Structure formats: structure tokens, C-alpha cells
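Visitor: Have a look at this one.
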Amino acid sequence: MKTSFWTRILDLISPRQCVICGERLSVTERALCSSCYLHLPRTSYQFTPYDNPMAQLFWGLAPVSRAAALFFYEPHSEGAQLVYDLKYADRPDIGEDIGRMMAEEMRVAGYLDEVDMIVPVPLSPKRQQQRGYNQSERIAQGIHEVTGLPVYAKALRRKHFHQSQTTLMRHQRQENVAEIFKLGDAKDMEGKHILLVDDVCTTGATLSACARILDSIPRVRISVLTLAFTKS
Ligand SMILES: [Zn+2]
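Take 1360 as the starting number for the sequence shown in the working numbering and just add one per residue.
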């Protein structure tokens, strides 16, 4: 990886720390150290992309071809801390960093073969304004840096703010998110293989809703990739 002159200078003045273990990062590491990255509990779903517990969530619900996540999401784990910091600690750089590392692993496994473009799951305008960035878009940006695949951040739009997901039961969540996405700027997307990207997949409701909207574009194929997957 290329390390800029200024990164080296800043490193001397103010050493950066790993978001998980707090150890000082080397100049080539950006948000988390390679040791913490290696210890995230892998799903390995990229090796069985058409039939795994995550892919099965979409069966009968949404036209999703392949599904994979980098690691299993477990409450109070190191991975959970990483996702929390990415979303709530004003650390968009975590998304880009782990997006790059995830893309390397997925590419080696052939998971990104034939993919034409990346579409991040959008936040509501209000939420994005509060946070200052969309974490899924930052992950997509990291994938772009490794693969060169274009990011279509405006392909989907989130209509309005909705009730918190955590207070709803699973079937309610499915209904709750079904109506909140709409197609945005979908130019040049006909017949393409779209990689839908999000931070965490739990019920699959959000990704299903997005996939169904994207499926209104003629002849598209849709696969999904998330940082983490919550085993039920
Ligand atoms: Zn670490």
C-alpha cells in the first residue's frame, strides 16, 4: 500500500491506534491492526455463495443471487465494537479500511467475479446528516479502491425516517422496511450484476427491500456483501 509523506509525518507527531486493541498502528495500517483483523470470526460464506445461512434468508423473499459476510456479529465482541465505532464514533475511515481488506479476501475467493458495480444501502437524509457519512458507502468506497468497481451511491434512495428496527418483531420489520426505499439514479444499470453492500445483515429485511427495488431494473442480477452477519 502507498503511504503518503503526510501519513508518516502525522504518525510521528500523533501515533494512531487500532480501534479494537488500542495498539499503535504501523504506517501501512489505517484503522485496525492486522492481528485484530485476522481474529474476526470469519463466516467463509464466500466459498458457498449460493447456499449458506445468509443466502437462505433471501429465499422466497428477494432476488438475491450470492450472499456473503466477512465475519459473524456477536454482541459485545471485538467485531461489534468495530461496527459500533464505524457507525457512531465519527470514524468513516474504519469503513474504507475494512472495506479494502474485505475486498481482497472476497476477490481471492472469486466472490466478486462478474460483478459490475457496487450499490451501498442508503441512510435516510436525516440520519446521514446527523452522522456526516453513510457507513455502507464508506465500505463500498474501500471495495472500489481495491477492485476499481464503480460505486452507484445514488441508485437507491431512502424515503423517510422510520421506526427503530430494534423495537420491532421480525415480521414487522419486514413490513416496516418494505416501503422505505425507491429507485434513484439508475442510469446504465440495465443487465448489470449489482453488489449490494451494507454493514450488518441480521434479518435480511433491509437488503431484501433494496434487492426488490433494484430488481425493477431490466435483466439485473443482485448479490449482497456485508461486513457482518448475525447468526440467529
Ligand atoms: Zn488491534
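All residues carry an ideal CB built from backbone N, CA and C; glycine is no exception.
Source: prediction; values computed, not measured.
Just checking, does the segment 1554 to 1567 make contact with the segment 1583 to 1591 on the three C-beta pairs under 8 Å criterion?
Guide: yes
Visitor: Locate the alpha helix (DSSP H) running through residue 1502, then write down its first and last residues.
Guide: 1494 to 1506
Visitor: Helix, strand or coil: which one does DSSP assign to residue 1377?
Guide: Correct three-state label for residue 1377: coil.
Visitor: Can you tell me whether DSSP reads residue 1552 as helix, strand or coil?
Guide: strand
Visitor: Determine the contact status of residue 1429 and residue 1387, defining contact as a CB-CB distance below 8 Å.
Guide: no
Visitor: Would you please state the rounded distance, in angstroms, between the beta carbons of residue 1597 and residue 1379? I believe it to be under 8 Å.
Guide: Nothing in the structure corresponds to residue 1597, since the chain is present only between 1360 and 1591.
Visitor: Residues near ligand 1, CB to any non-hydrogen atom under 6 Å, in chain order?
Guide: Listed by chain position, these are 1377, 1379, 1380, 1382, 1391, 1392, 1394, 1395.
Visitor: Here's a check: name, in chain order, each residue in its chain whose Cβ is nearer than 8 Å to the Cβ of residue 1563, leaving out the five neighbours to either side.
Guide: Apart from sequence neighbours up to five positions away, the residues of its chain that approach residue 1563 with a beta-carbon distance below 8 Å are 1413, 1416, 1417, 1420, 1421, ordered along the chain.
Visitor: Going by alpha carbons, who is nearest to residue 1574 out of 1497, 1423, 1405, 1399?
Guide: 1423
Visitor: By Cβ distance, which residues of its chain are closer than 6 Å to residue 1580, with the 5 residues on each side in sequence left out?
Guide: 1424, 1552
Visitor: From residue 1588 to residue 1507, what does the alpha carbon distance come to, in whole angstroms?
Guide: Residue 1588 and residue 1507 have their C-alpha atoms spaced approximately 25 Å apart.
Visitor: Which word fits residue 1567, buried or exposed, when buried means at least 16 other C-beta atoms lie within 10 angstroms of its C-beta?
Guide: When all chains shown are included, residue 1567 counts as buried.
Visitor: Taking buried to mean at least 16 other C-beta atoms within 10 Å of its own C-beta, is residue 1542 buried or exposed?
Guide: exposed
Visitor: Between which two residues does the alpha helix (DSSP H) holding residue 1416 run?
Guide: 1412 to 1417
Visitor: Alpha carbon to alpha carbon, how far is residue 1560 from residue 1487?
Guide: Note on geometry: alpha-carbon atoms of residue 1560 and residue 1487 lie some 19 Å from one another.
Visitor: By the 10 Å Cβ neighbour count, where 16 or more other Cβ atoms means buried, how is residue 1397 classified, buried or exposed?
Guide: By the neighbour-count rule (16 or more Cβ atoms within 10 Å), residue 1397 is not buried but exposed.
Visitor: To the nearest angstrom, report how far apart residue 1392 and residue 1479 are at their CA atoms.
Guide: 25 Å
Visitor: Near residue 1540, which residues of its chain fall below 8 Å by C-beta distance, leaving aside the five closest residues on each side in sequence?
Guide: 1481, 1515, 1516, 1517, 1518, 1568, 1569, 1572
Visitor: Assuming residue 1503 and residue 1477 are in contact, meaning their beta carbons sit under 8 Å apart, how far apart are those beta carbons, in whole angstroms?
Guide: At roughly 6 Å, the Cβ-Cβ gap stays under 8 Å, so residue 1503 and residue 1477 are in contact.
Visitor: State the start and end residues of the unbroken alpha helix (DSSP H) segment that holds residue 1582.
Guide: First-last for residue 1582: 1580 to 1588, but that is the beta strand (DSSP E), not the alpha helix (DSSP H).
Visitor: Got a sec, what are the start and stop residues for the alpha helix (DSSP H) residue 1572 sits in?
Guide: 1564 to 1573
Visitor: Hey, out of 1512, 1467, 1550, whose CA is closest to residue 1544's CA?
Guide: Out of 1512, 1467, 1550, 1512 has the C-alpha closest to the C-alpha of residue 1544.
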